[in-house]
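Residue numbers (this note's numbering): 4 to 307. The beta carbon of each residue, even a glycine, is placed where N, CA and C say it ideally should be. Treat the numbers as computed from the prediction; the structure is a model and nothing was measured. See structure below.
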Amino acid sequence: MKILLAAVNAKYIHSNLAVYCLRAYAKKQHPASNITISEYTINQPFDEILMDIYKQAPDVLCLSCYLWNVTEVGQLIQEIPKILPDTKIWLGGPEVSYNAREVLEKYPMAEGIMRGEGEETFAELVAYYEGRGAAELINIQGITFREKEKQIAATPFRQIMDLSKVPFVYGGDIENFKNRIIYYETSRGCPFSCSYCLSSIDKCLRFRNLELVKKELQFFIDHEVPQVKFVDRTFNCKHDHAMAIWNYIKEHDKGITNFHFEVAADLLNEEEIELIRSLRPGLIQLEIGIQSTNKQTIKEINVP
């Protein structure tokens with residue numbers, strides 16, 4: 004049984020953290036499973052992507068769906084069955100998690116969708132297809148799928164997992180990310196409720212164990228990774244967490260690695276600003292989004 008996790012990124016220098024997390028967690032549960040990853044870009048010729056998937060001939064193909072690649076993924080969903088008629092196609096990611104039924108109605112050739120946080124769901128799907136897990140898909144939480152009668156069914160959303168249980172994905176593969184951006188997360192969820200954003204749907208903000216984070220930060224520093232980009236939705240939403248990380252990279256800085264954070268400017272306090280001022284120039288960079296300067300707009304979209 005060959006399972007392929009495929010990602011179509013916006014640029015070559017990007018990588019898809021999600022598919023690496025899915026594989027790392029599933030391999031921890033099922034070490035003998037044959038799970039591979041292929042990353043492409045939206046700038047590649049479509050036929051080139053299609054041919055590469057065809058050559059790999061996976062039994063199960065899982066496609067990661069985001070705003071920037073949903074058009075290309077839609078094309079793949081329609082073409083793959085023509086050349087790999089027995090391959091089961093599964094989708095996942097924010098672009099399909101919250102309108103899963105509509106997506107399956109649009110793409111009848113897709114088998115199902117993993118909704119929301121995917122590590123545990125994917126691991127159970129691997130076991131199902133390998134014949135040593137759930138006897139039926141209806142017993143796997145967090146999916147929308149086609150039953151044998153082709154009717155669309157959905158199981159309940161899965162309870163959120165402990166983020167510290169997700170294995171560190173870069174330990175043995177760091178060389179594969181040379182000349183590419185390293186993405187890393189220490190929290191999931193968002194504390195805000197902006198009405199236009201999918202992140203506001205998930206109210207379950209939680210954090211990776213700080214001692215674990217420090218070990219992983221040291222790995223990046225020791226391997227002289229040029230840049231680590233945190234994907235935490237609002238990195239500084241928890242003061243103690245942000246301060247601990249900023250202090251750690253300050254104390255262990257070797258003058259090479261840059262750390263990128265997405266922060267909310269209005270949450271920065273004097274202690275944080277003072278620490279930031281003390282950092283080596285170039286050690287960190289902050290991405291600060293301004294939703295609007297119009298007070299009425301801010302009120303209507305529920306920005307705090």
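Asked                                                                                                                                                                                 : Found
Any idea what DSSP makes of residue 63, helix, strand or coil?                                                                                                                        : strand
With 16 other CB atoms within 10 Å as the buried threshold, where does residue 61 fall?                                                                                               : buried
Can the beta-carbon of residue 291 be found less than 7 Å from the beta-carbon of residue 268?                                                                                        : yes
Give the straight-line distance between the Cα atoms of residue 155 and residue 162, rounded to the nearest whole angstrom.                                                           : 22 Å
Over what stretch of residues does the beta strand (DSSP E) that includes residue 11 continue unbroken?                                                                               : 5–12
Residues in its own chain within less than 7 Å of residue 57 by CB, not counting five upstream and five downstream?                                                                   : 86 and 87
So which of 112, 75, 78 and 102 has the shortest CA-CA distance to residue 91?                                                                                                        : 112
What does DSSP give as the partner residues of residue 157 in its beta bridges?                                                                                                       : 147
What number of angstroms, rounded off, separates the C-alpha of residue 27 from the C-alpha of residue 13?                                                                            : 23 Å
Compute the distance between the beta-carbons of residue 306 and residue 197, then report whether it is under 7 Å.                                                                    : yes
DSSP three-state call for residue 181: helix, strand or coil?                                                                                                                         : coil
Examine the Cβ distances between the region 7–26 and the region 72–81 and report whether three or more of them are shorter than 8 Å.                                                  : yes
If you draw a straight line from the C-alpha of residue 237 to the C-alpha of residue 262, how long is it?                                                                            : 15 Å
Residue 120: which of 137, 168, 80 and 138 sits nearest, CA to CA?                                                                                                                    : 168
With H, G and I counted as helix, E and B as strand and the rest as coil, what does DSSP make of residue 306?                                                                         : coil
Pull up the distance between the alpha-carbon of residue 47 and that of residue 65, whole angstroms please.                                                                           : 19 Å
For residue 244, which residues in the same chain have their Cβ closer than 6 Å to its Cβ, ignoring the five residues on either side in sequence?                                     : 210
Could you round the C-beta distance between residue 79 and residue 52 to whole angstroms and report it? I think they count as a contact, below 8 Å.                                   : 7 Å
Find out if the Cβ-Cβ distance for the pair residue 83, residue 38 is shorter than 7 Å.                                                                                               : no
Taking the alpha-carbon positions, what's the residue 299 to residue 270 distance?                                                                                                    : 21 Å
Could you check which residue in 258, 55 and 140 has the C-alpha nearest to that of residue 308?                                                                                      : Not covered by the structure: residue 308. The range shown for the chain is 4 to 307.
Ignore the nearest five residues each way along the sequence and tell me which others in residue 207's own chain have a CB closer than 6 Å to its CB.                                 : 163 and 192
Tell me, to the nearest whole angstrom, how far the beta carbon of residue 216 is from that of residue 20; I am working on the premise that it is less than 8 Å.                      : 15 Å between Cβ atoms; not a contact.
Measuring only between beta-carbons, confirm whether residue 276 sits less than 7 Å from chain B.                                                                                     : Going by chain labels, chain B is absent from the structure shown, which holds only one protein chain.
Any idea what DSSP makes of residue 212, helix, strand or coil?                                                                                                                       : coil
Measure the Cβ-Cβ separation of residue 146 and residue 226 and say whether it is below 7 Å.                                                                                          : no
Verify whether the separation of the beta carbon atoms of residue 29 and residue 125 is less than 7 Å.                                                                                : yes
Considering only residues of the region 18–59, which uninterrupted beta strand (DSSP E) runs meet the minimum length of 3 residues and lie entirely inside it, listed in chain order? : 37–44
Rounded to a whole number of angstroms, what is the C-alpha to C-alpha distance between residue 175 and residue 140?                                                                  : 33 Å
Verify whether the separation of the beta carbon atoms of residue 251 and residue 289 is less than 7 Å.                                                                               : no
What is the DSSP secondary structure of residue 261, reduced to helix, strand or coil?                                                                                                : strand
Let me check understanding here. Comparing Cα to Cα, which of 31, 50, 4 and 45 lies closest to residue 17?                                                                            : 45
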